[in-house]
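This report refers to the structure that appears directly beneath it.
Numbering (full-length UniProt numbering), first residue to last: 1 to 390.
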């Protein structure tokens with residue numbers, strides 16, 4: 001998947017996506033991008049990376065806070081991970097007004113005006129993936145309710161291995177030695193947590209519950225590892241002429257489907273009627289209870305926006321590696337905020353994650369350097385070609 005980014009006087013006007021196969025070990029082909037478009041793409045990649053990082057680090061901490069102070073409704077916690085989707089109306093509306101202004105000032109046909117909305121097929125893929133994501137949120141919540149945040153985050157980083165496995169068959173992603181090294185190191189870091197980690201078990205959690213938390217977290221990692229390349233397929237195969245507004249619309253529909261899935265579960269489990277009582281009994285206070293729910297919804301929605309944005313700008317594997325890289329940050333934050341134990345296994349696991357990320361980052365740097373050299377040679381060749389006498 002290559003990206004065609006147009007820049008105008010008022011900034012990033014559109015980000016269009018054309019279909020192509022993934023052939024390198026880091027991102028999609030970008031050798032045909034002009035230098036300005038490559039810079040604009042990297043800026044969009046950076047923005048999505050920052051948004052993704054904020055959500056990924058703060059989301060698990062807020063959910064764990066909910067459970068620590070008396071919250072025990074799994075469906076509510078799962079629903080919060082997508083309930084913040086209405087906040088997407090603001091950027092989508094801004095992009096629509098910008099699109100409409102450009103359309104009215106040009107001689108484009110009405111069919112070009114209608115291209116702002118995503119196609120029915122793309123919408124259907126968003127709904128299906130949203131339902132899968134709703135199930136993943138519930139499974140992840142069940143695991144986090146029995147595990148410390150630091151252990152859960154490190155264990156969940158195994159989704160990188162699942163992402164690479166499914167990407168190999170679904171999107172035909174190939175890998176460089178640097179990316180393979182990073183995947184192996186990060187996977188080893190997660191497996192290491194299974195050795196003697198019952199000593200950091202939260203108070204009141206039994207052996208079967210701790211084991212269930214371990215298994216639920218692995219199951220959630222496997223499911224999100226499947227969803228990642230499927231999302232990439234939706235962007236590259238299902239959608240046509242995709243731009244960033246299409247990505248936000250996709251996320252809106254996907255999150256709506258996930259929220260609907262969890263809302264049905266809340267109705268069956270009678271969570272709505274139990275919320276006022278849970279709020280009154282919440283350890284931090286009733287008003288703080290609702291503030292925590294709202295903050296959790298916003299944090300997870302930021303994570304989701306950054307997630308689909310990174311897949312759009314790069315690939316599912318790059319998104320997986322970046323997510324695994326944030327594990328040490330989440331782990332350190334959990335140790336500071338909740339005073340969780342930092343065992344020797346977690347220390348080694350942290351070092352392996354950092355090593356793996358450094359390996360992947362170096363591989364990405366080498367790939368970008370090759371592309372820059374290719375673009376420079378191509379531009380020089382074209383300039384010499386224009387100077388030749390007719």
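Where a beta carbon is used, it is the ideal one built from N, C-alpha and C, also for glycine.
- If only uninterrupted alpha helix (DSSP H) runs of at least 4 residues are considered, those enclosed by the stretch 240-285 are 244-268 and 271-281.
- If you look at residue 341, you'll find it isn't in any alpha helix (DSSP H); DSSP assigns it neither H nor E.
- Going by C-alpha positions, residue 246 is about 23 Å away from residue 261.
- Separation of the CB atoms of residue 159 and residue 320 is rounded to 6 Å, and the pair is thereby assigned contact status at 8 Å.
- Contact between the stretch 222-231 and the stretch 90-107 is absent: fewer than 3 CB-CB pairs across the two stretches fall below 8 Å.
- Secondary structure at residue 205: coil, using DSSP grouped into helix, strand and coil.
- One alpha carbon belongs to residue 335, the other to residue 213, and they sit about 19 Å apart.
- If you keep only unbroken alpha helix (DSSP H) runs of at least 4 residues inside the stretch 133-180, you get 149-156 and 159-170.
- Within 10 angstroms of the beta-carbon of residue 341 lie fewer than 16 other beta-carbons, which makes it exposed.
- Taking each of 184, 233, 97 and 203 in turn and checking the Cα distance to residue 173, the smallest one comes out for 233.
- Between the stretch 124-140 and the stretch 248-260, the count of Cβ pairs shorter than 8 Å is three or higher; the stretches touch.
- DSSP places residue 326 outside both helix and strand once states are collapsed to three, so it counts as coil.
- Between the beta-carbon of residue 146 and that of residue 210 there is about 6 Å, and that keeps the pair under the 8 Å contact cut.
- In the displayed model, residue 228 falls within a helix according to three-state DSSP.
- In the DSSP assignment, residue 96 falls within the alpha helix (DSSP H) that extends over 89-104.
- The residue among 331, 337, 280 and 282 with its C-alpha nearest the C-alpha of residue 345 is 331.
- In this structure, DSSP gives residue 73 a state outside helix and strand, which the three-state scheme calls coil.
- Assigned with DSSP and collapsed to three states, residue 119 falls in coil, not helix or strand.
- Under the three-state reduction of DSSP output, residue 55 falls in the helix class.
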